[in-house]
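Heads up: the sequence shown begins at 1 in the UniProt record's numbering, then just goes up one per residue.
Yeah, the Cβ is synthetic: ideal placement off N, Cα and C, and Gly gets one too.
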Amino acid sequence: MDTQKEALSRIICTLANKNEELQNFLDTVDNTLTGLQKQLSEGKFALLSCEELLEFANQTLNISDEEEFLKVRNITVTMAPAFRLTTRPAVSENMAQFTVDFSTERLGLQRLHFLPVPRAPEIDVANCVVCDNTISVAWQPAGDADSDSGRIERYEVEYRKTNRDSSLRAAGEACWEKIHDIRETKVTISGLKFDSYFVVVRVRAKNKTAAGEFSEPVAIETRAYNFGFDAATAHAELKITGDTVTWEPQGVKGHDPRLRSKDNKNSRSATPSPNKTTGGRGGRDRFAGESYTVLGIYSGLHYWELRPLADWKSFSVGVAYRLSLGRYDQLGKSAGSWCLHASQWLQSSLAAKHNNRAKALDWPLPQRIGIYCDYDNGELAFVDVDRLQLLHSFKTRFSQPLVPAFTVWCGGITVVTGMQVPSFMGNFLSTNRSLSNLSQ
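As structure tokens, this is what we get:
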């Protein structure tokens with residue numbers, strides 16, 4: 001009997017110990033389940049955040065304007081703790097501990113190769129050339145440009161106009177213009193109007209993943225010849241719009257075409273004969289009578305171009321002494337004005353005029369006329385720009401300040417300023433060739 005009681009007592013003690021172990025195990029499982037539920041909740045939240053981040057990133061990538069793209073707030077991605085990146089736990093034999101193996105992830109991170117951000121290039125000022133209204137910019141890449149880890153694939157150049165040689169931007173000045181995907185260490189900026197004293201340029205390098213900082217800005221001098229039309233001198237029937245002058249007679253309604261055939265079947269063109277006087281109106285400085293003239297206001301170097309509009313009939317272009325040109329004077333008919341006169345009224349003609357003397361030029365009517373004036377050396381030259389032919393040159397001694405002068409009769413002209421003296425002018429000036437010469 002005692003033996004049975006002793007055995008039963010041992011069994012009860014063993015069951016009590018097992019019950020305690022089971023209770024501890026259940027507590028461990030419960031804690032583990034709570035942790036897994038927390039990780040699951042955090043994983044769902046992280047997944048939702050990732051979806052929002054991906055959507056925001058896609059919207060950002062669809063922005064085509066770079067300035068707008070740079071305004072987007074920064075996207076920051078934070079690496080989560082390792083236990084949030086996987087749900088592959090390993091359990092100990094007695095199920096008392098949970099462990100996680102991150103060796104695969106560690107190897108993946110160790111294999112990642114980060115490219116360095118390329119350093120800023122240096123602009124080679126000595127090899128930057130300004131010629132024919134273009135700017136050739138050259139630069140030297142940074143020392144690590146050819147390294148395998150960060151080989152530069154392309155460059156980006158930015159430029160803007162300014163009237164200061166300082167690299168700091170002044171209020172009201174132009175924004176940066178951009179040239180992308182440059183494969184060489186030089187680029188030519190063309191299509192410029194040199195209406196400022198300087199053009200500031202800067203360059204940066206790009207590799208496969210990133211763009212570096214811009215180089216120090218360099219101010220390149222771009223001095224050229226600029227002027228505008230003096231509206232106060234324009235004949236009352238000349239209309240000035242920017243760099244264009246058109247002839248709009250006050251007494252004719254409807255200029256397209258300028259005909260008065262509504263009530264007169266046999267009437268001729270409503271354009272009055274150039275020999276008729278229309279009368280002048282306006283201030284004391286305004287041209288009147290048959291002088292359909294407007295003057296320019298200028299400063300700087302001396303080259304500009306004239307381009308007639310499609311409906312032109314007659315025009316003159318040249319220079320004149322402002323103080324000696326009267327209200328009724330026509331270009332080329334006084335000692336103080338020199339001009340090239342073109343006409344396709346009744347018949348085509350081209351002539352050089354000065355001091356009421358004209359010399360006919362045996363040359364087709366040009367579509368682009370270049371005007372070169374060297375005041376100090378007394379040279380005035382007219383060039384057919386499309387055919388690169390010197391039409392006529394004057395050689396004299398200027399004694400008064402000159403201004404550009406234009407006569408427009410029927411139709412219109414456009415004047416292009418902000419131009420440097422082109423390189424082809426050197427050929428004409430050195431040989432002093434022309435189709436004809438008009439003695440002084």
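Asked, Found
"Can you look up residue 44 in the DSSP assignment and give me helix, strand or coil?", "helix"
"Tell me which residues share the same chain as residue 424 and place their Cβ nearer than 7 Å to its Cβ, disregarding the 5 neighbours each side in the sequence.", "388"
"Identify which residue in 406, 164 and 52 has its Cα closest to the Cα of residue 325.", "406"
"Let me make sure I understand the geometry here. Which of 384, 370 and 403 has the alpha-carbon closest to that of residue 415?", "370"
"Excluding five sequence neighbours on each side, which residues of the same chain lie with their C-beta closer than 6 Å to the C-beta of residue 321?", "336 and 400"
"Label residue 329 either buried or exposed according to how many other C-beta atoms from any shown protein chain fall within 10 Å of its C-beta, with 16 as the threshold for buried.", "buried"
"Can you give the Cα-Cα distance for residue 226 and residue 244, rounded to whole angstroms?", "15 Å"
"Rank 341, 28 and 417 by C-alpha distance to the C-alpha of residue 229 and give the top, closest one.", "417"
"In the DSSP assignment, find the unbroken alpha helix (DSSP H) run with residue 515 in it and report its ends.", "Since the first residue shown for the chain is 1 and the last is 440, residue 515 is missing from the structure and cannot be characterised."
"Alpha carbons only, please: which of 365, 366 and 340 is nearest the one belonging to residue 356?", "340"
"Kindly list the residues whose CB is nearer than 7 Å to the CB of residue 300, restricted to its own chain and excluding five residues on each side of it in sequence; keep chain order.", "Bear in mind that the predicted position of residue 300 carries a pLDDT of just 47, short of 50, making it unreliable; the figure below should be weighed with that in mind. Contacts found: 223, 224, 225 and 226."
"Mind checking residue 181: buried by the 16 CB within 10 Å criterion, or exposed?", "exposed"
"Is residue 258 helix, strand or coil when you go by DSSP?", "Caution is warranted here: a pLDDT of 38 is assigned to residue 258, below 50, making its placement in the model unreliable, and the coordinate value is therefore given only provisionally. Residue state, collapsed to three classes: coil."
"Looking only at C-alpha atoms, which of 194, 189 and 193 sits nearest to residue 442?", "Lying before the first or after the last residue shown, residue 442 is absent from the chain, which here runs from 1 to 440."
"Going along the chain, which residues of its own chain have a beta-carbon closer than 6 Å to the beta-carbon of residue 124, five neighbours each way excluded?", "138, 139 and 140"
"Check whether the region 207-222 touches the region 112-123, taking contact to mean three or more Cβ pairs, one atom from each stretch, closer than 8 Å.", "yes"
"Is residue 233 buried or exposed, if buried means 16 or more other CB atoms sit within 10 Å of its CB?", "buried"
"Which ranges would you report for the beta strand (DSSP E) in the region 346-387 if only whole runs of at least 3 residues count?", "349-354, 357-360, 369-374 and 379-384"
"Hey, would you say residue 354 sits closer than 7 Å to residue 332, going by beta carbons?", "yes"
"Alpha carbon to alpha carbon, what distance is there between residue 241 and residue 381?", "27 Å"
"Please state if the CB of residue 318 and the CB of residue 403 are separated by a distance shorter than 7 Å.", "no"
"Where do the ends of the beta strand (DSSP E) carrying residue 140 lie?", "134-140"
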